[in-house]
């Protein structure tokens, strides 16, 4: 019951984050095809961020089914995650505006890195306050994706100063890697329900 | 229980999409009647899109009562639908700004076409993962409206380059056709409840 | 169960409507007191509209406890109400920008008039589809406030062309009249719960 | 059941308030590091306000578990609180734009002061309408934080005209003081559940 409101609030913030990004797709003043060509990078960065927020929402959804007490620590860990995700529209907009430059590409990676760390902290909080600690830990296993992602983000941040396009390719790679939701958790949730 | 959060998130996104569009109705700097006359096409495109989002929300609502497991596939099919609907404010704003031109009229149709395809994909996902497959399939019947709409959108996209007003008339026609919610699903939902 | 999603969607739209209005309070570029003095009429129109949306949310809340089936007609009647309420930020912003002129004052009244009519239509739909028709009708009694408000709005629209301040005084009067929520419905809801 | 919708609406408004603030972080037109340096005060004021809204959401959440009837008075007390919180993005944006000046610093404190008073009023309403008056009153104890905060806000408003940075330090101090959620209420909620 308590987590319900945590979920509702998170859903609200994520829904707004995902929708606010589209405001960066400024309506062109011309009406020819050429008027929307410059919007293409903005559009592509929107697609990438849409997928990222979708992934977070999806995994968050699975994770919260384990956190049943909504303690103060869990709430703040969740707020911390929402904080970094709320910066995604800013990072996305900057990438859309100056995609060929180093700083926006690095900034995007930084926000994603911080969101990944915040998610990890939330995960640890929920595992430690959950009564089903061992089960959840086993379900997450070695959490390879959760460990590899920050490393890729760090690499992408560094490479942004060499060639921004490599960074974007890496961000897209991480997104692809995560687009399959956490099957481990999904399986446990499924078993829990079946039981 | 699981679909509840899917619905809540979708409702959030749709509520924001529908409300964000009104921001395109820029507050006039003058205070005479003539100051709001140029807003008329913006207003009309807002009305049309409001009705469209309303239709999607409505049918989505009926459709989701059948999808009870919120699998990864269903979630991503739903995200895909929300993605195209999130572009409705952009398409609407462009139409409002340059309604007499071909490209905005075609762009509006393209977004609507993609949303229709995304809805169809979601429908197929939910039918295939639902335990009540045959029943649902029977309820949807031949899904005439679902098959005709994309064809009309395609025609409207082509006709936009001949005469944009015909495209808008066609979009309005599809909206009228759908404004009556999917009675087939509604009937089945009703029977389900009665049982 | 069905109305739950209707309520959730309406809450989402109303929450966004009420919050989007604050965006009209443009952040001043100066930092002296004189920089925010011109914001006073914008602020006052925000307060008035905030109260209006609050009233609608409040009464909507009571009304929907009676509509338990969420038929297509109820859904569209509800959408129709949300449509007019979604125009409140526009009307409010215009009033804030040119409060001394006739048209914005009349426009505000027109939006309020249409919202009041839309609410009345929704009320009739819910009464007619509710199984507790007589009880609800009795509870609403002669609905004096619901009948007087449109008349005052009409008067205010007319008087806007004589002296806009009178219109604003009338809008404030209607708000005050409604700020006390529909005790009639509240009483019936209370009895229903007690039973 | 009744408070559920009050909570849902409040969550919606707070989620939008917290996310709308990020729109003040205008996307820089340059792509160098120097382009985002001027955004630092805007970012810091965003962090502070994010924490404040988080605190309110958190405490609101605990408080509402006690208010189970959603009377008209409670609803309006809640609306009143949301009104002042809806002004946080404005105050934050002004601080971000002119942080070295007295007026924005004082304005921020004023909005926080009014929100604190509104919260206190809501608390009193919920205590008085709750059937568990004595228990709740005992749980809140002397409410030292609730009494000290307005005093600090008042001091900060005054000191803004001497040295704005002191005001900001005081706002940060109050946030730190509250970041630990109301353990008193949390304890009682916990016991209530255990019982």
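Residue numbers (my numbering), protein chains in the order written: chain B, 1 to 195; chain U, 196 to 390; chain E, 391 to 585; chain C, 586 to 780. Just so it is clear, CB atoms sit at the ideal spot from N, CA and C, and this is done for glycine as well.
Helix, strand or coil at residue i [DSSP, three-state]
| i | result |
| --- | --- |
| residue 280 of chain U | helix |
| residue 99 of chain B | coil |
| residue 218 of chain U | helix |
| residue 207 of chain U | helix |
| residue 30 of chain B | coil |
| residue 590 of chain C | helix |
| residue 677 of chain C | helix |
Contact list for residue i against chain U, beta-carbon separation under 7 Å
| i | result |
| --- | --- |
| residue 22 of chain B | 281, 282, 284, 285 |
| residue 484 of chain E | 222, 223 |
Minimum Cβ-Cβ distance from residue i to chain E less than 9 Å
| i | result |
| --- | --- |
| residue 300 of chain U | no |
| residue 782 of chain C | A question about residue 782 of chain C goes unanswered here, because the residues of chain C that appear run from 586 up to 780. |
| residue 593 of chain C | yes |
| residue 622 of chain C | no |
| residue 207 of chain U | yes |
| residue 657 of chain C | yes |
For residue i, the first and last residue of its enclosing alpha helix (DSSP H)
| i | result |
| --- | --- |
| residue 735 of chain C | 729-744 |
| residue 493 of chain E | 492-519 |
| residue 569 of chain E | 554-569 |
| residue 646 of chain C | 625-649 |
| residue 35 of chain B | 33-36 |
Separation of residue j from residue i, as counted between CA atoms
| i | j | result |
| --- | --- | --- |
| residue 731 of chain C | residue 430 of chain E | 30 Å |
| residue 609 of chain C | residue 627 of chain C | 7 Å |
| residue 240 of chain U | residue 289 of chain U | 9 Å |
| residue 505 of chain E | residue 524 of chain E | 25 Å |
| residue 560 of chain E | residue 317 of chain U | 49 Å |
| residue 698 of chain C | residue 672 of chain C | 12 Å |
| residue 215 of chain U | residue 558 of chain E | 27 Å |
| residue 83 of chain B | residue 533 of chain E | 47 Å |
| residue 314 of chain U | residue 54 of chain B | 17 Å |
| residue 352 of chain U | residue 267 of chain U | 33 Å |
| residue 105 of chain B | residue 254 of chain U | 40 Å |
| residue 47 of chain B | residue 359 of chain U | 28 Å |
| residue 347 of chain U | residue 125 of chain B | 52 Å |
| residue 590 of chain C | residue 428 of chain E | 36 Å |
| residue 166 of chain B | residue 273 of chain U | 30 Å |
| residue 650 of chain C | residue 487 of chain E | 41 Å |
| residue 613 of chain C | residue 619 of chain C | 10 Å |
| residue 349 of chain U | residue 617 of chain C | 44 Å |
Contact with chain B by residue i, beta-carbon distance below 9 Å
| i | result |
| --- | --- |
| residue 632 of chain C | yes |
| residue 604 of chain C | yes |
| residue 731 of chain C | no |
| residue 683 of chain C | no |
| residue 313 of chain U | no |
Proximal residues of chain B, C-beta to C-beta of residue i below 7 Å
| i | result |
| --- | --- |
| residue 278 of chain U | 50 |
| residue 211 of chain U | 15, 16, 19 |
Short CB-CB distance (under 9 Å) between residue i and chain U
| i | result |
| --- | --- |
| residue 499 of chain E | no |
| residue 1 of chain B | Low confidence applies here, because residue 1 of chain B scores a pLDDT of 44, under 50, leaving its location unreliable; read the following figure in that light. For residue 1 of chain B, the answer is no, since every Cβ of chain U falls outside 9 Å of its Cβ. |
| residue 78 of chain B | no |
| residue 492 of chain E | yes |
Neighbouring residues, chain C, relative to residue i (Cβ below 7 Å)
| i | result |
| --- | --- |
| residue 447 of chain E | 594 |
Beta-carbon neighbours of residue i, restricted to chain E and to distances below 8 Å
| i | result |
| --- | --- |
| residue 697 of chain C | The contacting residues do not exist; residue 697 of chain C stays about 16 Å from chain E at best. |
Within chain U, partners of residue i - CB distance below 9 Å
| i | result |
| --- | --- |
| residue 465 of chain E | 249, 252, 253, 256, 376 |
Closer than 9 Å to chain C by CB, residue i
| i | result |
| --- | --- |
| residue 423 of chain E | yes |
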